[in-house]
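Data block below; observations after.
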Amino acid sequence: MGNNMRYSKCAQAMRAISAALLAVAATIACSDSNQIAAETNESPASTTQDLLPITLNAGNRSLTKLPLVIAWDQGLFEKHGLDMNMLIPAPEFDGGKEIFPKPGMEDAVPEAWFRGGTPMLLGAVRAPDEPHLIDIGSTDCTVRSNVIGRMGIESEISSLEDLRGRRIGVSNITNTLGFQARLLAQRMGWDYRTDITIVDAQNDGLEELAEGSVDVILVNEIAYSLAKSAGYPVLFDTGDWNEAIGGNSVAVDPVWLEEPVNREKARRLMMAIAEAISIFHRQPEVARRVLREWNGVQDDTLLEDIMVRGAWLPRKPYACVEGLRKTIELYPELGTERHSAEEFYDNSIMNEIDASGFLDGLYL
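Residue numbers are given in the numbering used here: position 295 of the sequence shown equals residue 285, and the series is strictly consecutive.
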């Protein structure tokens, strides 16, 4: 299975002992700060604790990473005791604000990444002897792409069965859209190698759709809205399938996570993300403003399309266990059957946060 595929029992025991000692110390150190927090309506981390530095590579500004931008806008990283250095690209649309790295930390080595669980797992499987990351929480565990057809194809397609024999464009064979193309074949009882043709398209596949080199494409929020506005037929919504996926997740090195201070960083990070998700669901006006101000989304139709799809953001952002299991099932030719999903996630931090009542408290 590769030589870096889970913690040893010894390492787990040491981590448990360290965590227990840390918890006792934190209880003593934070008793006064909790009183201050109650009086000032601030979190203990923001009043007395030193902020813990962390560098996070966000990768892009997709919907499922919007909680990071909300957390940035709302000061949630600082509230939960983090000095955040976020590496995130410029907005896709003009007029959005950039989030710059801290001065001198543009090339800092990330301690955490926000990336798809499916491509993370498949990359690790193809290099089993190399260190790999594990997911500790996710904002994207449910299939939710749309199937967009080329112009005029709607007269030929009335059910999923009519996609048999068609050319299906995806942005990458081994990302979450490639996963969904294989999932479609499995749901229909087809062989993905012979009953459909999965095409590795450029970007979102809109160019291939326009030139007719694919019949349909699988796309997420922004490409969906752009294609719909351009008049391309929206054929199916995979969200109706209620299927699991290994989508965008917080990924870290399991060895890094064994250090108590790093585990505390990870805990604070997941709390900030969970609170940002609650703001999306409970204060949609804040989410709309963040999309306009930070991501440059000025088109009202696109904005509302993103908000509607955001209903999938999980209120309890656990790692996508079932999605990782399904990934192993769908890519056997890569040797996934030699591995288990448990090698690629650790939900212990989310379990601790959930057990504390923090997650439920966000929605009271």
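C-beta atoms are modelled at their ideal positions from N, C-alpha and C, and glycine is treated no differently.
(request) Rounded to whole angstroms, what's the CA-CA distance from Glu342 to Asn165? Just pull it up for me. (result) 30 Å
(request) Mind listing, in chain order, the continuous beta strand (DSSP E) runs of no fewer than 3 residues lying wholly within the stretch 296 to 348? (result) none
(message) Can you determine whether any heavy atom of the ligand SAH sits closer than 6 Å to the C-beta of Ile269, and answer yes or no?
(response) Judged by which ligands are present, the structure shown has none, so any question about the ligand SAH falls away.
(message) So for Phe83, helix, strand or coil by DSSP?
(response) Reduced to three states, the DSSP call for Phe83 is coil.
(request) Output the distance between the C-alpha atoms of Gly179 and Ala234, rounded to the nearest integer angstrom. (result) 18 Å
(request) Check the C-beta distance from Leu303 over to Thr54 and give it rounded, since I have them as a contact under 8 Å. (result) 7 Å
(request) Use the C-beta contact count for Asp190: other C-beta atoms within 10 angstroms, 16 or more gives buried, fewer gives exposed. (result) exposed
(message) For Ala98 and Phe270, what's the separation of their Cα atoms in angstroms?
(response) For Ala98 and Phe270, the distance between alpha carbons rounds to 30 Å.
(request) Assuming Lys306 contacts Asp336 (C-beta within less than 8 Å), just tell me the rounded distance between them. (result) About 16 Å separates the two Cβ atoms, so there is no contact after all.
(message) So if DSSP puts Thr45 in a beta bridge, which residue, or which two residues, is it bridged to?
(response) DSSP output for Thr45 lists Asn75 as bridge partner(s).
(request) Starting from Phe226, follow its DSSP beta bridges and name the residues at the other end. (result) Val137
(request) Starting from the C-beta of Ala15, find all residues in its chain whose C-beta is less than 7 Å away, skip the five residues before and the five after it, and write them out in chain order. (result) Residue confidence is low: Ala15 scores 39 on pLDDT, short of 50, so the model does not pin down where it sits. No coordinate-derived value is stated.
(message) By the DSSP assignment, the beta strand (DSSP E) with Leu208 in it spans what residues?
(response) Leu208: member of the beta strand (DSSP E) spanning Val206 to Val209, first to last residue.
(request) Using beta-carbon positions only, say whether Leu111 and Pro91 come within less than 7 Å of one another. (result) In this structure, Leu111 lies away from Pro91, with their beta-carbon atoms at least 7 Å apart.
(request) Report the rounded CA-to-CA distance for Leu205 versus Arg157, giving the unit in angstroms. (result) Here the sequence assigns Asp to residue 205, which means Leu is not the residue at that position. If I take the Cα positions, the gap works out to 5 Å.
(request) Use the C-beta contact count for Ala13: other C-beta atoms within 10 angstroms, 16 or more gives buried, fewer gives exposed. (result) Interpretation of Ala13 is limited by its pLDDT of 43, a score under 50 that renders its predicted location unreliable; no figure is taken from the coordinates.
(request) Tell me, to the nearest whole angstrom, how far the beta carbon of Ser239 is from that of Gly127; I am working on the premise that it is less than 8 Å. (result) That belief holds up - the Cβ atoms of Ser239 and Gly127 are roughly 7 Å apart, short of 8 Å.
(request) Pull up the distance between the alpha-carbon of Glu254 and that of Ala175, whole angstroms please. (result) 42 Å
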